[in-house]
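Okay, so the sequence shown: first residue is 810 according to this note's numbering, each after it adds one.
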Amino acid sequence: MDKKFPDGFFWGGATAANQFEGAWDVDGRGPSVDDHFMGGSFEKPREITLTIDPDKLYPNHDGIDFYHHYEEDIALFAEMGFNMFRMSISWSRIYPTGMEDEPNEAGLAFYDKVFDCCKKHGIEPLVTLSHYEMPYALVEKYNGWESRELIDLFVKYCATVFDRYQDKVKYWLTFNEINCGTSEMGALFETSMIRGFEGPASEVVVTPQQCFQALHHQFVASGRVVRLAHEKYPQFKIGNMECFILSYAATCDPKDILANQAEMRRMNWYCGDVQVRGYYPSYAKRFWEENGISLNIADGDMEDIAEGKVDFYTFSYYMSNTVGTHDDQEMTQGNMTFGGKNPYLESTDWGWQIDPDGLRFALNEIYDRYQIPMMVVENGMGAKDEVTEDGKIHDDYRIDYLKRHVNAMREAVMDGVDLVGYTWWGPIDLVSAGTGEMRKRYGFIYVDKHDDGTGTYKRLKKDNFYAYQKIIASNGADLD
Ligand code: BGP
């Protein structure tokens, strides 16, 4: 069989505005929820403050200053051969509090420049409308997505950027990792229900009722936005975005199989089933009942969801874990989650278990279920990099991770999966969402920026820069 990817396959990298733009209070931008998060680490959760304390360090404020380096950075992406760049728009750059009648022209103009620069280099933007952020004023007034009012405000913001960039952007994603809203830990990032909260992020408390009601509001908002796009801009393609946390049953005990099935439904299938199929899945009713959830569904909501089905399915994939019912299970950390350890897998320094075969498995499972085009829009390895005396970064560990995951996708394509794109997470080092660290680096490009806030912002190519360049040049055929 032909061991390569389909012609026209999208190769690129993925970022999020709040994690790399910086310029948090420049050109009329309002504070976003992430601007209230201080830096943390593997051992120490990020602290959230109610007001911005000038004596404290908030890593998202400066990010890696893409705002002033975008031309240099996009040129480097082009040099690697990117034909796609996933980025998000910062809502509070467009509507500083989310509640203004008119958008902030300076914010809109910034993204015009970014998209024009992509075009100059033949790079297709893939734009996430909401990547773990909202204007902080909406947290204060509405407690984030807990309130229905967010739907109209979000649709207004989307309508503005659709109108403005209709000739520059074709591919859009509604909510980043929407399914993180199904867990207490992920809801913090996904739904911003932290009104009045100050303290370690691990101490935020939300109930299942709040989580699933907030998600319902997001489903309706997503449905309305997809409908709007389909009606007004037939050239657009709109996708969902899931944090796919593949889990295996910890043992072949049938009780473990059932426990894992329940976890796979809550974590991985619930949101996809709604956004791809356009209705709540059959297992939802019992799940709601058993978790004390009673959804408030308004007239027209289910129609918005039914008419707002996404055009393609996208997800992040970093790791897998195990789920079981036995007490002796050892646990480990992962992306937005804790899970059981798998004795057959190695982990990164942050405890994320590396599992390329799981990516092939996940791609097949998802495609069997939905039968629509797919993209892997995040995948990567957070590691501590060292600049050696020769001024280089020899990140063979990351090259190995990259090649094994590209190989897994290639196998899935040969299995028949309709995979159309791959955007590596953090093609340039940026601030970690989970820990707020800079030293948890993912990039092909190193950025001289450190956890204590120091650094020159100088960009350096790592060894993996050249490895990815070779992979892209051969359309995924050359993995030696
Ligand atoms: C995903 C998020 C990204 C990104 C990535 C890596 O869940 O969509 O925003 O940050 O994970 O996670 P972290 O930054 O915590 O290492």
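We put the beta carbon where it would ideally sit given N, CA and C, even for glycine.
Euclidean distance between Cα positions of residue i and residue j
i	j	result
Tyr959	Ser1156	Checking the displayed sequence, the identity of residue 959 turns out to be Leu instead of Tyr. For Leu959 and Ser1156, the distance between alpha carbons rounds to 38 angstroms.
Asn1216	Phe924	31 angstroms
Lys1150	Tyr1127	15 angstroms
Phe1124	Gly1200	35 angstroms
Tyr1277	Lys1271	10 angstroms
Lys1118	Phe851	37 angstroms
Phe1170	Ala996	27 angstroms
Ser1001	Glu1198	43 angstroms
Gly1048	Ser956	24 angstroms
Val970	Cys1061	50 angstroms
Asn952	Asp1065	37 angstroms
Phe1045	Tyr974	11 angstroms
Thr824	Arg895	6 angstroms
Ala1038	Asp976	13 angstroms
Val1015	Ile1003	9 angstroms
Lys1041	Gln1019	33 angstroms
Val948	Arg1250	29 angstroms
Pro1043	Arg1033	15 angstroms
Gly849	Asn1144	15 angstroms
His940	Gly1243	13 angstroms
Asp1204	Asp1261	23 angstroms
Gly1005	Met943	16 angstroms
Contact check, residue i vs residue j, beta carbons under 9 angstroms
i	j	result
Tyr1179	Arg1086	yes
Pro868	Glu1246	yes
Gly1008	Glu999	no
Asp1120	Ile1181	yes
Leu982	Leu938	yes
Phe1028	Asp1110	yes
Thr1134	Ala1059	yes
Asn1173	Trp820	no
Thr1131	Tyr1079	no
Gly1225	Gly1252	no
Ala1115	Asp1158	no
Ile873	Ile1237	yes
Residue range of the beta strand (DSSP E) that includes residue i
i	result
Tyr1126	Careful: Tyr1126 lies outside any beta strand (DSSP E) and carries neither H nor E.
Tyr1231	1228-1234
Tyr1255	1254-1256
Asp1140	Looking at the sequence itself, residue 1140 is Met, so the reference to Asp does not match. 1140-1143 is the span of the beta strand (DSSP E), which, as asked, contains Met1140.
Ile1047	1046-1048
Trp820	819-823
Ala1058	1055-1058
Leu935	933-939
For residue i, the nearest candidate out of the options (CA to CA)
i	options	result
Lys1279	Gly890, Asp844, Leu885, Phe875	Gly890
Asp1227	Met1190, His877, Tyr1122	Tyr1122
Tyr1210	Thr1016, Ala1242, Leu1288, Ile1254	Leu1288
Glu880	Ala915, Tyr920, Lys853	Tyr920
Thr1263	Gln975, Leu866, Phe829	Leu866
Pro912	Ile873, Phe894, Tyr966	Tyr966
Tyr904	Glu933, Val1186, Ala946, Trp1161	Ala946
Glu1098	Glu1139, Trp1161, Phe1021	Phe1021
Ile1254	Asp816, Ala826, Ala884	Ala884
Ser1031	Met1223, Asp1238, Asp1113, Ala1242	Asp1113
Leu1104	His1026, Gly931, Asp1082	His1026
Phe886	Pro854, His870, Ile932	Ile932
Ala1282	Glu888, Glu1040, Asp834, Ile857	Glu888
Asp816	Asn827, Pro854, Val1229, Val978	Val1229
Asn892	Met943, Lys929, Lys853	Lys929
Glu856	Lys813, Asp1137, Glu1012, Asp834	Glu1012
Asp882	His1259, Arg1248, Lys1212, Leu1239	Leu1239
Extent of the continuous alpha helix (DSSP H) run through residue i
i	result
Leu1154	Taken as a continuous stretch (DSSP letters only), Leu1154 belongs to no alpha helix (DSSP H), as it is neither H nor E.
Asn983	According to the sequence displayed, residue 983 carries Thr and not Asn. No alpha helix (DSSP H) contains Thr983, which is instead part of the beta strand (DSSP E) from 980-984.
Pro868	868-871
Ile1114	1110-1116
Tyr1206	1205-1224
Asp1073	According to the sequence provided, residue 1073 is Met. The question's Asp does not apply to it. Looking at the DSSP string, the run of the alpha helix (DSSP H) that includes Met1073 is 1063-1073.
Leu1168	1165-1179
Leu917	914-929
Problem set entry | Validate contact between the region 829-848 and the region 859-879 using beta carbons, cut 8 angstroms, 3 pairs | yes
For this session: Please determine if the region 1162-1177 and the region 1089-1098 are in contact, where contact requires at least 3 C-beta pairs separated by less than 8 angstroms.
Result: no
Exercise. So does the region 830-838 actually touch the region 897-915, counting three or more Cβ pairs closer than 8 angstroms?
Worked result: Three or more Cβ pairs closer than 8 angstroms define a contact, and the region 830-838 meets that threshold against the region 897-915.
Problem set entry | Any 3 or more C-beta pairs closer than 8 angstroms across the region 1065-1075 and the region 1042-1052 | no
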